[in-house]
Structure formats: structure tokens, C-alpha cells
Amino acid sequence: MIAELGFILLIFAFVLSAIHLFFSTRVCFINFSEDNFFILRKINFSICLLLIASFLFLIISYVLSDFSVLNIYNNSHTNKPLLYKVSGTWGNHEGSLLMWLAFLGGYGFFLTLYTKNNNKKFTAKVFFTSNIVNIGFIGFTIFTSNPFLRISPIPEEGKGLNPVLQDPGLAFHPPLLYLGYVGLTIPFAYSIAALLEGKIDRKWANEIRPWILISWIFLTLGITLGSFWAYYELGWGGWWFWDPVENVSLLPWLLLTALLHSNRVTEKRDNLKSWTILLSIIAFSLTLLGTFIVRSGLLTSVHAFASDPARGIYILSFLFLITGASLILYVIKYDKIESDEKLNLLSKEGGLLLNNVFLCASTVTILLGTLWPLFVEVMTGKDISVGAPYFNLVFLPIIMPAIFVSGVIININWKRNTVENLLKKLNKAIIIFVFLVGVILFLLEGPIIFFIGIILSIWLLISIINDFYEKIRTKKSISDIKLSKAFSIPISTYGMYLAHFGLAVFILGVAISDSKKLYYEGVMKEKEIVKVEKFKIQLKEIVEKKEKNWISQTGNFSVEGFKKNISMFAERRLYLDTGMPSTEAAIYRNFFSHLYIVMGQEQPLNSGKRIVRIYFNPFIILIWSGAFLMAFGGLISICDKKRNR
Amino acid sequence: MIKKEIGSFLKYIKLSPIILFLILSYFLFWKIKNIQNTKELQSVLLNQDLPKLELEYVDSKFTLNSLLGKKPFIINFFASWCAPCREEHTVLEKYSKDLIIIGIAYKDDINNVKKFLSELGDPYDILMLDSNGRAAIDLGLYGVPETYFIDSKGKIKYRQVGPLTVKKLENILKSLKVN
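From first to last, the protein sequence lines are chains W and S. The first sequence begins at 1 in the numbering used here and counts up one residue at a time. The second sequence begins at 1 in the numbering used here and counts up one residue at a time.
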């Protein structure tokens with residue numbers, strides 16, 4: 001009964017969206033009246049609530065383990081803890097789409113709420129656009145991926161959730177990521193509305209700013225959590241693998257970051273308007289493209305959902321229509337929205353533009369690398385794959401100058417600057433920077449990439465401190481600091497500082513952990529000892545135990561090499577309901593570093609020998625902490641009441 | 001003069017996003033249209049002779065050699081411990097009369113296999129046991145269930161990774177007949 005109810009609500013939402021489309025077309029383009037606008041708002045609210053309710057009904061069915069629903073039979077099991085019954089809802093294609101819809105509903109709800117007093121004619125156009133997105137996704141769910149399908153006869157027990165997905169990290173990684181993806185709908189809707197209206201001003205940029213930030217924060221957190229989860233759950237010892245699905249989540253993030261900065265220019269200087277619009281259209285299209293790639297099974301990846309070409313065709317057609325129409329609209333209205341104002345390159349806006357170029361170029365390289373196998377296949381019929389070496393080789397040289405430039409941009413003023421002024425402001429920073437670089441080059445050793453990373457990170461840190469210092473010092477002398485001035489700096493600037501500080505921490509983590517890591521792989525018997533540089537690691541024993549829904553084999557390792565000797569437990573699980581194995585890496589944290597041990601299967605069988613992989617990842621925690629700080633900086637920026645009117 | 005030409009060229013820069021997008025769309029549509037024809041995971045053994053499989057037979061009516069090069073058949077790797085194999089089993093049962101199916105139990109215990117087959121039915125004309133995974137290595141097995149389609153000349157024609165469904169099996173048989 002609950003499942004039918006959920007599906008009926010979904011159909012209601014679809015019908016209402018169709019009515020909304022018809023009605024909002026009239027309101028937007030033929031005959032606007034305030035009364036009609038308020039009706040539109042009511043329809044909006046209803047659609048949003050229906051979508052959220054439908055998702056809740058699916059969650060309830062999951063919690064009750066109603067195996068007469070095909071989706072639940074396929075992805076759940078009665079002996080699962082409650083958390084994984086709930087998270088199982090979005091651990092599959094159909095359920096995750098319904099979550100997507102629920103988030104569309106959630107965002108739509110707040111959008112409708114917060115635009116109550118805005119320009120009504122304009123807001124109607126925003127509703128019009130976001131409703132088209134709603135229709136596309138609701139239709140997709142109903143026609144190709146109905147999560148409420150029943151099966152008969154009713155099975156007694158479900159098939160169980162993929163064991164690697166049974167983890168708190170996965171419970172929260174998709175929702176956060178989707179909140180980021182779905183959030184992009186709103187800047188997109190605003191951009192299309194602005195194109196339809198033919199007018200973009202600073203107020204517009206100010207209105208979309210919080211939406212861009214929210215989306216950016218969630219996307220940052222979602223990607224970070226995904227990376228962390230892959231690190232400790234998949235047992236590959238690394239934090240980023242340039243997997244196609246990882247890439248398609250990084251693409252919108254990079255563009256969103258670019259959008260965040262270009263929107264700043266639009267907001268402050270009434271410039272780069274068509275660019276901001278284009279970025280929000282493409283960033284949104286990239287999330288559709290990502291959905292398409294993941295759901296159609298177009299590229300092989302660890303994230304492959306059960307693939308079905310019908311779904312691929314649907315989402316691709318939707319992508320084609322919506323992006324095609326947006327870009328055509330963009331061409332038509334381009335001259336109207338583009339400002340003639342010249343942009344001075346030696347200024348904050350010029351710097352931000354330059355940074356945008358770098359960010360977009362890096363997006364293009366990743367997009368190219370991700371889709372290259374596809375192009376080659378179409379042209380030559382050959383199967384190739386593009387791996388990490390390409391991405392490291394091409395992405396890093398483009399993103400590095402972007403990071404260097406951001407340090408300068410933080411310190412440069414809006415409008416016109418002179419080189420002398422800039423140097424005058426930065427001279428102390430440069431002296432300290434050069435000194436520190438000298439010290440580092442003298443004291444440390446490592447590959448070139450290690451130094452570049454550390455230097456970039458230091459540069460970013462120094463430029464943040466320098467800007468802060470310049471803001472709080474008095475004009476009289478260089479050492480005269482007035483701390484009370486710190487209170488007059490807008491909160492959003494502190495958010496910006498923190499986000500860039502997070503970036504610096506992140507880069508530091510990447511540079512050190514990547515170039516200083518240790519790695520050992522081999523087979524080990526019980527009582528055997530291996531030496532990995534300063535570590536002496538012994539596999540003491542392997543204990544086999546039967547747990548609630550898995551058989552666990554735990555390798556007990558003792559490690560010498562830290563200040564005190566420690567024991568570590570690397571587990572290998574065989575899940576009873578699916579028969580699938582999974583590894584639980586043993587991770588020992590020492591300050592910011594990890595010692596990471598994975599115990600694999602017996603090799604050869606019945607020999608008592610185990611495949612063992614040992615990693616020492618110095619300072620790897622900085623990677624996720626840095627990303628987390630970035631998101632936190634974004635959160636602080638959002639809280640700035642003054643900036644958001 | 002040149003400046004003017006560049007200026008008029010720049011006017012068209014606004015068209016670049018849509019043009020790039022159309023090119024991209026062409027590729028994506030092409031791929032999705034052809035996705036059914038692409039083999040899911042090609043085997044290097046495709047169109048090669050079936051490697052010699054020296055395995056233990058379990059109550060079988062005839063041997064593999066009596067079939068090889070005479071009749072087309074399929075080889076199905078399965079295991080009693082594998083959940084998707086159970087699902088696939090009903091499909092195999094359905095086709096057991098039309099097709100010659102050779103079952104290879106992968107890293108399995110003979111008693112469990114027998115229990116499995118008595119519970120779900122036995123679609124196999126020949127049943128073999130690959131207890132140490134030797135045949136699996138020879139064929140480059142990806143995981144269970146996995147199915148190889150062998151033609152009447154004894155060559156491997158298709159490899160299906162993961163469980164077969166009725167729809168998939170029909171498609172494969174159809175495409176093999178066409179060739």
C-alpha cells in the first residue's frame with residue numbers, strides 16, 4: 001500500500017508539473033498578473049512536497065523491509081542495521097533518482113519561500129525553468145526507473161545491499177553529492193530567466209550567490225567524503241583514482257568554483273555577465289552529462305549502476321534538449337546581456353578572469369580525458385582507456401598557475417591598479433616567501449612536484465596573511481596594527497580566507513603524501529616479518545570469526561617503527577547474503593599520517609599465505625581536512641548577512 | 001582593416017558553445033545507439049579455439065571431446081556460493097532443452113554443488129568441477145557467473161560476464177546466428 005501511495009504521489013507531481021508548465025508559459029510570456037503568480041507559487045509548493053513525500057514513502061518501505069517491492073528485494077535484507085536499511089534506499093539507481101527528485105523538491109521549496117518578495121515577473125521565469133528540470137527528472141523516474149515496482153510472488157528475504165556500500169561513509173556520500181548537483185538547478189534557472197528577461201545586473205548576481213555557494217559546499221563535502229570512503233573502504237590505498245565517475249563529479253565542481261569567482265565579478269563590477277551565465281548553463285549541463293554517463297553504463301567504472309540503454313537515451317535526449325535550447329537562447333540574447341565595459345587585466349576582476357580561464361581549461365582537459373575513449377571508439381572502433389598518468393600530466397600544470405594566481409588575486413584591488421602599488425603591497429610577503437622557499441629547498445629533498453606543491457601552499461598561506469595584515473594595519477607605518485579593524489572586515493572575507501587556507505592545506509597534503517609515501521606488496525605467512533623502511537611489520541595470526549551477516553578473517557599485525565609498538569587489525573569479510581568479499585583496511589593514524597594495511601585473499605588457496613599490501617601515507621589527512629576547511633569557509637561566507645542583503 | 005576583420009570574427013564567438021555541444025552530442029548519441037552491439041567485455045580468446053580443459057567430470061553422459069568441433073554449446077561457470085548464479089539458473093533451466101550446456105562449478109565443493117542442483121534443477125548436459133580454478137585461469141574468468149558461447153567449429157564466439165537473463169540470452173543467440 002505504501003509503495004502504491006508513493007508512486008501515486010509521484011504521478012501527481014508529474015501531472016502538476018505539466019499543468020505548471022502550461023500555466024507558467026502563460027504567466028511568463030503571454031499574460032502576467034500577480035494573482036497568477038501566487039497560484040504558480042502554490043503549485044510549486046505542492047510539487048515540492050509531493051516529491052519529498054514520495055521519497056519518504058520509499059524510505060519507509062525500506063525500513064519495513066517490504067520485499068514485495070522489487071527495488072527493496074534487490075537491495076535490502078532484514079538483518080541489516082537500520083542505518084543501512086535507510087541508506088539502501090539510495091544505494092541503487094531507482095532509489096537514488098527518487099532522492100534526486102526529493103532534493104529538487106527541497107531546493108524548490110526554499111526557492112519558492114525565499115523569492116516571495118522578489119521581482120515577480122522575473123521569479124515566474126525562474127519557476128518556469130526549474131519546473132522544466134523537474135518534469136525531465138520526474139518523467140525519467142516514472143518511465144524508465146520506477147522504484148515502486150512490485151514483484152510476485154513475494155520473496156521472503158531480500159538479496160542484500162552490496163557490502164562495500166554498507167558503511168556510514170556511503171550513507172552520507174551520495175546525499176551530499178546530490179545536494180551539490182541538484183543545487184546547480186537554481187543558478188541555472190536564474191540564468192535562463194535572466195536570458196529570457198534580457199537583463200542581468202548586480203542584484204541578480206547577488207541573489208544567486210548563496211545558491212552557488214550552497215551547491216559548492218555540498219559538492220565539496222560530497223566529493224571529499226567519497227574520496228575518504230574509497231580510501232578506507234576499497235582498500236586501494238589512494239584517495240583519488242581518476243575514475244570516470246570521480247571525474248564527472250570533479251567537472252561540475254571545477255566549473256562551479258569558476259562560477260563562484262566570476263559571479264563575484266558580476267556582483268561587484270557588473271562585468272563578465274555573459275560568462276557567468278554561460279558557466280552556470282554548462283555547469284548544470286555537466287551534472288546532466290555526469291548522470292548520463294553514470295546511469296547509462298557508457299563508461300566502465302567502479303560506480304557502474306545496472307545499465308540500461310533506454311535510460312541512457314532518455315537522459316541524453318533531455319540533456320540535448322535542455323542544453324541545446326539554453327545555448328541557442330544564449331546566442332540570441334548574447335548581445336543584449338554583454339557589457340561593453342572594458343575589463344582592466346591588472347585588477348581583481350582581471351585576475352579572477354585569468355583564474356577562470358585556468359579553471360575552465362582544466363575542466364576541459366578532464367572532460368577530454370574522460371570522454372577520449374569514446375571519441376576514439378567512434379572514430380576508429382578501438383577500445384582504449386585514459387588513465388591517471390594523462391590526468392596528472394595535463395591537469396596539474398594547468399591548475400598550478402591557477403593556485404599561484406589566486407594568491408595574487410587575494411591581494412589585488414578591484415578596478416585599476418599599478419604594478420608599483422601591487423609590489424608595494426606584496427613586497428614583505430615576497431621577501432618572506434623567498435626566504436622560506438630557500439630554507440625548504442635547503443632542508444628537504446624530494447621530487448620536483450613535491451617542491452612545487454609545498455611552495456604553492458606556502459605562497460597561498462602568505463598571501464592570505466599578507467592581505468589580512470594589510471587590512472588591519474594603519475596607513476602610518478608598517479608595524480602599526482589596529483586589531484579593532486579586524487571587526488570591520490566582512491565575514492564573507494574571512495570565509496574566503498578560510499576556504500583558501502583549506503586549499504593550501506589540501507595542496508600540502510597532496511604534495512607530501514604523494515611524493516613521500518611508502519608501499520609494499522607481497523605474500524605473508526603467519527609469524528612472518530617484513531621491513532618497509534623504518535617499519536618492522538609482523539603478521540602475528542589470522543583469526544576467523546562468524547559475525548551477524550558476514551564471516552570475518554582478521555589479520556593481527558604488530559608494528560614497530562612508531563614511538564611505541566602497536567597492533568593493527570586488517571579484516572577481510574565475506575558477506576553471507578551476497579557472497580561478496582570486502583576488505584576493511586587497518587589504518588593507524590599518527591598525527592596527520594596513516595599506516596594502512598590491507599589483507600587480501602589466500603594465495604594460493606589453502607597455503608596459509610596472504611596477499612598483504614602496506615602503505616605509509618604521510619600527512620594524508622591534510623587532504624580531507626583541507627577540503628573540509630574549504631567547505632567550511634564557504635559556509636562562513638554564506639552566513640554573511642550583509643552581503644546577502 | 002585587420003582589426004575590423006577580427007572584430008567581426010569575434011562576433012561569432014558566442015556560437016562556439018553551441019557548436020561544441022552539438023559535436024559532443026553527436027558522439028554521445030552515436031555511442032548510446034551502438035551500445036547494444038558492443039561486446040560487454042571482450043575476451044582475447046574470442047574467435048580462438050577453446051583451450052583444453054582438463055577437469056574432473058561429475059556424473060556426465062558424455063565428454064567434452066565428443067562435442068568439440070561438432071556441435072555448438074555453451075559453457076557456464078557457476079558456484080553454489082554465488083547468489084547471482086541462483087538467479088541465472090532459472091534462465092538456464094528454461095533453455096536446457098534447446099541448448100547444450102556445460103556447467104563448470106568454480107571453486108566449489110561437490111556436495112554443495114549437488115545440493116544446489118537438486119534444489120534448483122540440473123540444466124547441464126555435462127558437469128565438471130574446477131575446484132582450484134585452473135580452467136578459470138585458462139579462460140580468463142572474470143567472476144561467476146560467466147558464460148562462453150562455442151560454435152560448431154569449437155571456437156569461442158561470445159563471452160557473457162555476469163548473469164544471463166532471457167532477454168540477454170535471446171539477443172546473444174540472435175546475433176550469433178546472424179554472424
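Cβ coordinates follow ideal geometry from the N, Cα and C atoms, glycine included.
So which residues of chain S does residue i contact, with C-beta pairs closer than 7 Å?
i	result
Gly-198/W	By Cβ distance, chain S contributes nothing, its closest Cβ being about 14 Å from Gly-198/W, past 7 Å.
Phe-711/W	Because chain W here runs from 1 to 645, residue 711/W falls outside it and cannot be looked at.
Ile-328/W	Ile-18
Phe-375/W	Phe-27
Val-331/W	Lys-14, Leu-15 and Ile-18
Leu-278/W	Pro-17
Tyr-334/W	Lys-14
Tell whether a beta-carbon distance below 8 Å holds between residue i and residue j.
i	j	result
Lys-656/W	Trp-242/W	Nothing can be reported for residue 656/W: it is not among the residues displayed for chain W, which extend from 1 to 645.
Ile-409/W	Leu-422/W	no
Ile-277/W	Phe-292/W	no
Ala-205/W	Glu-267/W	yes
Phe-98/W	Ser-54/W	According to the sequence as given, residue 98/W is Leu; it is not Phe. Against a cut-off of 8 Å, the Cβ pair of Ser-54/W and Leu-98/W comes out as a contact.
Thr-554/W	Ile-542/W	yes
Phe-433/W	Leu-629/W	no
Ser-457/W	Ala-511/W	yes
Lys-182/S	Val-331/W	The structure shown does not extend to residue 182/S, since chain S is modelled only from 1 through 179, so no value can be given for it.
Asn-344/W	Ser-262/W	no
Phe-57/W	Ile-142/W	no
Tyr-669/W	Gly-237/W	This structure does not reach residue 669/W, given that chain W is present from 1 up to 645, and the question cannot be answered.
Could you tell me which residues DSSP puts in a beta bridge with residue i?
i	result
Asn-79/W	BP columns for Asn-79/W are empty, so no partner.
Pro-581/W	Leu-574/W
Arg-311/W	Answer is none; Arg-311/W lacks a bridge partner.
Asn-118/W	Looking at the DSSP assignment, Asn-118/W forms no beta bridge with any residue, so it has no partner.
Asp-49/S	Lys-155/S
Ile-597/W	Ala-586/W and Ile-614/W
Phe-73/S	Ile-150/S
Glu-602/W	Arg-610/W
Gln-553/W	Glu-544/W and Arg-572/W
Lys-536/W	Lys-531/W and Glu-560/W
Phe-460/W	One detail in the question is off: residue 460/W reads as Leu in this sequence, not Phe. None; Leu-460/W has no bridge partner.
Phe-78/S	Ala-105/S
Which bits of chain W does residue i rub up against, with CB to CB less than 7 Å?
i	result
Asn-132/S	Leu-605
Could you tell me which chain S residues have their CB closer than 8 Å to the CB of residue i, listed as they occur along the chain?
i	result
Gly-324/W	Ile-18, Phe-21, Leu-22 and Ser-25
Tyr-73/W	Chain S residues near Tyr-73/W: none, gap ~11 Å exceeds 8 Å.
Val-378/W	Phe-27, Trp-30 and Lys-31
Using a cut-off of 9 Å between C-beta atoms, extract the partners of residue i located in chain S.
i	result
Tyr-84/W	Ordered by position in chain S, no residue passes the 9 Å Cβ test against Tyr-84/W, which lies about 17 Å from the chain.
Tyr-615/W	Chain S residues near Tyr-615/W: none, gap ~26 Å exceeds 9 Å.
Heavy atom of the ligand FAD less than 7 Å from the Cβ of residue i, yes or no?
i	result
Ile-507/W	The ligand FAD is not part of this structure, which contains no ligands at all.
What does the alpha-carbon distance come out to for the pair residue i and residue j?
i	j	result
Val-166/S	Lys-333/W	52 Å
Ser-484/W	Thr-418/W	29 Å
Leu-10/S	Lys-342/W	15 Å
Leu-99/S	Asp-125/S	9 Å
Asp-130/S	Ala-136/S	8 Å
Ser-326/W	Ile-192/W	7 Å
Phe-137/W	Leu-329/W	22 Å
Gly-235/W	Glu-146/S	25 Å
Thr-38/S	Ser-285/W	Caution is warranted here: a pLDDT of 44 is assigned to Thr-38/S, below 50, making its placement in the model unreliable, and no coordinate value can be reported.
Ser-60/S	Leu-173/S	25 Å
Trp-240/W	Glu-246/W	8 Å
Thr-89/W	Ile-72/W	8 Å
Ala-627/W	Phe-404/W	18 Å
Gly-140/S	Leu-28/S	31 Å
(request) Decide yes or no for the touch test of the region 472–483 of chain W against the region 526–535 of chain W: beta carbon pairs closer than 8 Å, at least 3 of them. (result) As far as the Cβ criterion goes, the region 472–483 of chain W does not touch the region 526–535 of chain W, which means the pair count is below three.
(message) Does the region 115–127 of chain W come into contact with the region 77–86 of chain W, if we say contact requires no fewer than three beta-carbon pairs (one atom in each stretch) closer than 8 Å?
(response) With the cut-off at 8 Å, the region 115–127 of chain W and the region 77–86 of chain W do not touch.
(request) Assess, as a yes-or-no matter, whether the region 269–276 of chain W is touched by the region 168–177 of chain W under the definition of 3 or more beta carbon pairs within less than 8 Å. (result) Result no; under three Cβ-Cβ pairs closer than 8 Å.
(message) Is it the case that the region 105–112 of chain S contacts the region 89–96 of chain S, given that we only count it when at least three CB pairs across the two stretches are under 8 Å?
(response) The region 89–96 of chain S makes no contact with the region 105–112 of chain S, as fewer than three CB pairs between them are under 8 Å.
(message) Quick check: the region 245–259 of chain W against the region 349–364 of chain W, are at least 3 beta-carbon pairs closer than 8 Å?
(response) Under the Cβ criterion (8 Å, minimum of three pairs), the region 349–364 of chain W counts as touching the region 245–259 of chain W.
(request) Decide if the region 189–201 of chain W is in contact with the region 220–234 of chain W; the criterion is three or more beta carbon pairs, one per stretch, under 8 Å apart. (result) With contact defined as three or more Cβ pairs closer than 8 Å, the region 189–201 of chain W and the region 220–234 of chain W are not in contact.
(request) Take every Cβ of the region 10–19 of chain W, pair it with every Cβ of the region 113–120 of chain W, and state whether three or more of those distances are shorter than 8 Å. (result) Judged by pairs of C-beta atoms under 8 Å, the region 10–19 of chain W does not touch the region 113–120 of chain W, as fewer than three such pairs exist.
(message) Below 8 Å, how does it come out for the region 144–156 of chain S and the region 58–75 of chain S: are there three or more Cβ pairs, yes or no?
(response) The region 144–156 of chain S, when compared against the region 58–75 of chain S, does touch it at the 8 Å Cβ threshold.
(message) Does the structure place the region 630–637 of chain W close enough to the region 595–613 of chain W that three or more beta carbon pairs sit under 8 Å?
(response) No, the region 595–613 of chain W is not in contact with the region 630–637 of chain W.
(message) Check whether the region 131–146 of chain W and the region 208–218 of chain W touch, using three or more Cβ-Cβ pairs below 8 Å as the test.
(response) No contact exists between the region 131–146 of chain W and the region 208–218 of chain W.
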